[in-house]
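One structure is given below, encoded as structure tokens.
Protein chains: 2
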Amino acid sequence: MTVAGRDAVARADVILTDRLVADGVLAWARPDAEIIDVGKEPHGSATPQEKINRLLVEHALAGREVVRLKGGDSFVFGRGGEEVLACAEASVPVAVIPGVSSSTAVPAIAGIPVTHRGLSQGFTVISGHVPPDHPDSSLDFPALARSGTTLVILMGVRTLPQLTAALIDAGMRPTCPAAVIADGATSDQRVVSGTLADIAGRAEAEAIRPPAITVIGEVVRVWRTESKGEASQSLRQR
Amino acid sequence: MTVAGRDAVARADVILTDRLVADGVLAWARPDAEIIDVGKEPHGSATPQEKINRLLVEHALAGREVVRLKGGDSFVFGRGGEEVLACAEASVPVAVIPGVSSSTAVPAIAGIPVTHRGLSQGFTVISGHVPPDHPDSSLDFPALARSGTTLVILMGVRTLPQLTAALIDAGMRPTCPAAVIADGATSDQRVVSGTLADIAGRAEAEAIRPPAITVIGEVVRVWRTESKGEASQSLRQR
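Line by line, the protein sequences give chains A and B.
Numbering of the first sequence is given in our numbering, commencing with residue 1 and proceeding in unit increments.
Numbering of the second sequence is given in our numbering, commencing with residue 239 and proceeding in unit increments.
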């Protein structure tokens, strides 16, 4: 959580909060602040985006200071852009307070840098929400397999077998190091490591459940070096 | 700045700080903390990484609580991994406190979400430090051009003409929206927008200097819609 985010929570008249918001964050809110949980509806499904947009605008137009609180970063698969547009349409001024994205933070805390000199000059973050062959997928897996960047997959526990198979089909090296980090940045964090070819099977064998983040790339070697106490001189000097 | 980062700065005996650290962050340090600026050497060049690693280990082994303070996220082109490995080698325990990466935060503050439903299912962050044809480049530009993700280029002001030409050569649509954000997240922030074909020329015409971040992809349309007050209904509903 950022200092700016905490200050905004402490000031807010109304807070629209979400699942994945860390415990304790709402403790910073004013006692009289109205907290609306839009992470789920009473019957368990997600609150429709249109309803969230409407709540944001309605409360703001009523003259209240509204905070839209999300875990991670609101603009990394967080629909922050849609909510900003809804406010802009209603002439509601918006200040964006960026957050710490799980896409880089969870690997870092687990000991995997998404970039590392000599190993990776970039990283690609994708949603694994839909499998590669799904009509809604706009990702080019042959390109992802060849880009030369570390691949970070969010929301891809269920689709991991298809995602890794698509990357191998596209020519990515099956022995490329890979790791799945479950419950990252919590005391329950677990890391399962393997290769592109076997990581899906290993994650299944370890009964990995969402939320989990998969990292595919040579940078996973940094974690192995560090966590196993192996001589790391060669890796550092690359 | 995160709450956890601020707390660490406030506790530290020794702080190794960097350029790109926001003004005011060091004001949270204890009055008796030792501040070492490793962002530059007296003669203006960068402090060698080996020297930074050595300072971290030496101060820690002397029993002092050491904070390595960087702007952005230490593991996104920040060499955090190298410093963690150096500490691991010396059996110095390290706690990683992830930061807010400019790669997603600067576009978000400027009004460009790196992902947006219907426009982008992922994003790729690369360093533009070396041009595409440089022997040190390990990026595959034809693949980057086709991945279907938003492309975010850090440290790429000088090389922008070569980078954009390589993407066009690789088949990326020359009319793809693009924007350069200079001095992002500061009161001096400037956004120059255009297309993949003309963004390098526009940035040069506007005398854009580092630090600046380039975003290439359909998501730049969100910024245009928002900032120009155009009807955004069609964009939101995609």
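Note that beta-carbon positions come from the ideal geometry of N, C-alpha and C, so glycine has one too.
Coarse secondary structure for ILE347(B), derived from DSSP in three states: By 1-based counting over the second sequence, the position of residue 347(B) is 109. Three-state DSSP puts ILE347(B) in a helix.
Should LEU299(B) and ALA333(B) be called a contact, given that it needs their Cβ atoms to be closer than 8 Å? Stepping through the second sequence from its first residue, residue 299(B) is reached at position 61. Stepping through the second sequence from its first residue, residue 333(B) is reached at position 95. No.
Using a Cβ-Cβ distance cut-off of 8 Å, determine whether LEU144(A) contacts chain B. Mapped onto the first sequence, residue 144(A) falls at position 144. It does: the Cβ of LEU144(A) has a partner Cβ on chain B nearer than 8 Å.
Just grab the DSSP bridge partners of THR240(B) for me. Taking the second sequence and counting its residues from 1, the one referred to as residue 240(B) is at position 2. THR2(A), per the DSSP bridge assignment.
Beta-carbon contacts of GLY194(A) that lie in its chain and below 7 Å, excluding the five residues immediately before and after: Residue 194(A) sits at position 194 when you count from the first residue of the first sequence. Correct list, in chain order: ALA178 and ARG202.
Could you pull out every residue in the same chain whose Cβ sits closer than 7 Å to the Cβ of ARG11(A), ignoring the five residues on either side in sequence? Taking the first residue of the first sequence as position 1, residue 11(A) is located at position 11. Same-chain partners within the cutoff: GLU65.
Would you kindly check if the distance between the Cβ of PHE313(B) and the Cβ of VAL114(A) is under 8 Å? One-based indexing of the first sequence puts residue 114(A) at position 114. One-based indexing of the second sequence puts residue 313(B) at position 75. The answer is yes: Cβ separation under 8 Å.
Can you check whether the C-beta of ILE109(A) is within less than 8 Å of a C-beta belonging to chain B? Against the first sequence, residue 109(A) aligns to sequence position 109. For ILE109(A), the answer is yes, since a Cβ of chain B falls inside 8 Å of its Cβ.
What residue from ASP140(A), ASP23(A) and VAL14(A) has the CA that sits closest to ASP32(A)'s CA? Walking along the first sequence from the start, residue 32(A) turns up at place 32. Checking every option, the nearest Cα to that of ASP32(A) belongs to VAL14(A).
Taking 8 Å as the threshold (beta carbon to beta carbon), is SER187(A) in contact with chain B? Residue mapping note: residue 187(A) aligns to position 187 of the first sequence, counting from 1. Chain B contact via Cβ: absent.
Cα-Cα separation, VAL330(B) to VAL295(B): One-based indexing of the second sequence puts residue 330(B) at position 92. One-based indexing of the second sequence puts residue 295(B) at position 57. Those two C-alpha atoms are separated by around 7 Å.
With a threshold of 8 Å between beta carbons, is ALA179(A) in contact with chain B? Taking the first residue of the first sequence as 1, we reach residue 179(A) at position 179. No, ALA179(A) lies away from the interface with chain B (no Cβ there is under 8 Å from its Cβ).
Distance cutoff 8 Å, beta carbons only. Does GLY337(B) sit that close to anything in chain A? If you number the second sequence from 1, residue 337(B) lands on position 99. True, the Cβ-Cβ gap to chain A drops below 8 Å.
Is there a Cβ of chain A sitting closer than 8 Å to that of VAL241(B), yes or no? Position 3 of the second sequence, counted from the first residue, corresponds to residue 241(B). VAL241(B) counts as touching chain A.
Unbroken beta strand (DSSP E) run spanning GLY318(B), endpoints: Locating residue 318(B) in the second sequence gives position 80, counting from the first residue. Following the DSSP letters along the chain, one finds GLY318(B) in no beta strand (DSSP E) but inside the alpha helix (DSSP H) bounded by residues 318-327.
Within the continuous beta strand (DSSP E) that includes VAL152(A), where are the two ends? Taking the first sequence and counting its residues from 1, one reaches residue 152(A) at position 152. Element bounds for VAL152(A): 150-154.
Which chain A residues sit within Cβ distance under 9 Å of VAL430(B)? The residue you call residue 430(B) lines up with position 192 of the second sequence. Per Cβ cutoff of 9 Å: no residues; VAL430(B) is ~19 Å from chain A at best.
Length-filtered (4 minimum) alpha helix (DSSP H) runs lying within the stretch 2-64 of chain A: 3-11 and 49-61
With DSSP as the reference, label VAL220(A) as helix, strand or coil. Position 220 of the first sequence, counting from 1, holds the residue named residue 220(A). VAL220(A) carries a helical assignment under DSSP once its states are collapsed to helix, strand and coil.
Answer with buried or exposed for PRO448(B), where buried requires no fewer than 16 other C-beta atoms within 10 angstroms of its C-beta. Mapped onto the second sequence, residue 448(B) falls at position 210. With fewer than 16 Cβ atoms within 10 Å of its Cβ, PRO448(B) is classed as exposed.
Can the beta-carbon of SER425(B) be found closer than 8 Å to that of VAL390(B)? Position 187 of the second sequence, counting from 1, holds the residue named residue 425(B). Position 152 of the second sequence, counting from 1, holds the residue named residue 390(B). Contact: no.
Which chain A residues sit within Cβ distance under 9 Å of LEU401(B)? Counting from one through the second sequence, the residue named residue 401(B) turns up at place 163. When 9 Å is used as the limit between beta carbons, LEU401(B) is near no residue of chain A, the shortest such separation being about 12 Å.
Closest to VAL458(B) by CA distance: which of ASP261(B), ASP245(B), HIS354(B) and ILE273(B) is it? Stepping through the second sequence from its first residue, residue 458(B) is reached at position 220. Considering only alpha carbons, the answer is HIS354(B).
So, under 8 Å CB-CB, ILE364(B) and ALA423(B) are touching, yes? Tell me the CB distance rounded to an integer number of Å. Your numbering for residue 364(B) matches position 126 in the second sequence. Your numbering for residue 423(B) matches position 185 in the second sequence. Incorrect: roughly 20 Å between the Cβ atoms, too far for contact.
Does the distance between the C-beta of PRO351(B) and the nearest non-hydrogen atom of the ligand FAD fall short of 7 Å? The ligand FAD is not part of this structure, which contains no ligands at all.
Tell whether a beta-carbon distance below 8 Å holds between ALA260(B) and VAL305(B). In the second sequence, residue 260(B) corresponds to position 22, counting from 1. In the second sequence, residue 305(B) corresponds to position 67, counting from 1. For ALA260(B) and VAL305(B), no; Cβs fall outside 8 Å.
Does the Cβ of LEU258(B) have 16 or more other Cβ atoms within 10 Å, making it buried, or fewer, making it exposed? The count along the second sequence starts at 1 and reaches residue 258(B) at position 20. So LEU258(B) ends up on the exposed side.
GLN241(A) versus GLU204(A), ILE213(A), ALA170(A) and ALA166(A), residue with shortest Cα-Cα distance: Summary: the structure shown does not reach residue 241(A), with chain A confined to residues 1 through 238, and so no result is reported for it.
Within chain B, the residues that PRO113(A) reaches when beta carbons sit closer than 9 Å: Against the first sequence, residue 113(A) aligns to sequence position 113. Within chain B, the residues near PRO113(A) are SER312, PHE313, VAL314, GLY316, ARG317, GLY318, GLY319, GLU320 and VAL322.
State the DSSP-derived secondary structure class of GLY171(A), mapped to helix, strand or coil. Working through the first sequence from its first residue, we reach residue 171(A) at position 171. Looking at GLY171(A) - three-state DSSP - the assignment turns out to be coil, as it is neither helix nor strand.
Mind pulling the chain A residues with CB within less than 8 Å of ILE364(B)? Counted from its first residue, the second sequence places residue 364(B) at position 126. For ILE364(B), the C-beta contacts it makes with chain A under 8 Å involve GLN121, GLY122 and THR149, in order along the chain.
Just mark PRO174(A) as buried or exposed, buried being the case when its beta carbon has 16 or more other beta carbons within 10 Å. For the purposes of this step, residue 174(A) is identified with residue 174 of the first sequence, where counting begins at 1. PRO174(A) is exposed by the Cβ-count criterion.
Run down chain B in chain order and give the residues with a C-beta less than 8 Å from the C-beta of SER138(A). Working through the first sequence from its first residue, we reach residue 138(A) at position 138. Neighbours of SER138(A) on chain B, chain order: SER358, GLN359 and GLY386.
Determine the contact status of VAL418(B) and ILE406(B), defining contact as a CB-CB distance below 8 Å. In the second sequence, residue 418(B) corresponds to position 180, counting from 1. In the second sequence, residue 406(B) corresponds to position 168, counting from 1. Cβ atoms of VAL418(B) and ILE406(B): not closer than 8 Å.
Kindly indicate which three-state DSSP category THR164(A) falls into: helix, strand or coil? Numbered from its first residue, the first sequence carries residue 164(A) at position 164. Per DSSP, reduced to three states, the secondary structure at THR164(A) is helical.
Cβ closer than 9 Å: which chain B residues qualify as neighbours of VAL67(A)? Position 67 of the first sequence, counted from the first residue, corresponds to residue 67(A). Going along chain B, no residue has its Cβ under 9 Å from VAL67(A), so there is no contact; the nearest lies around 16 Å.
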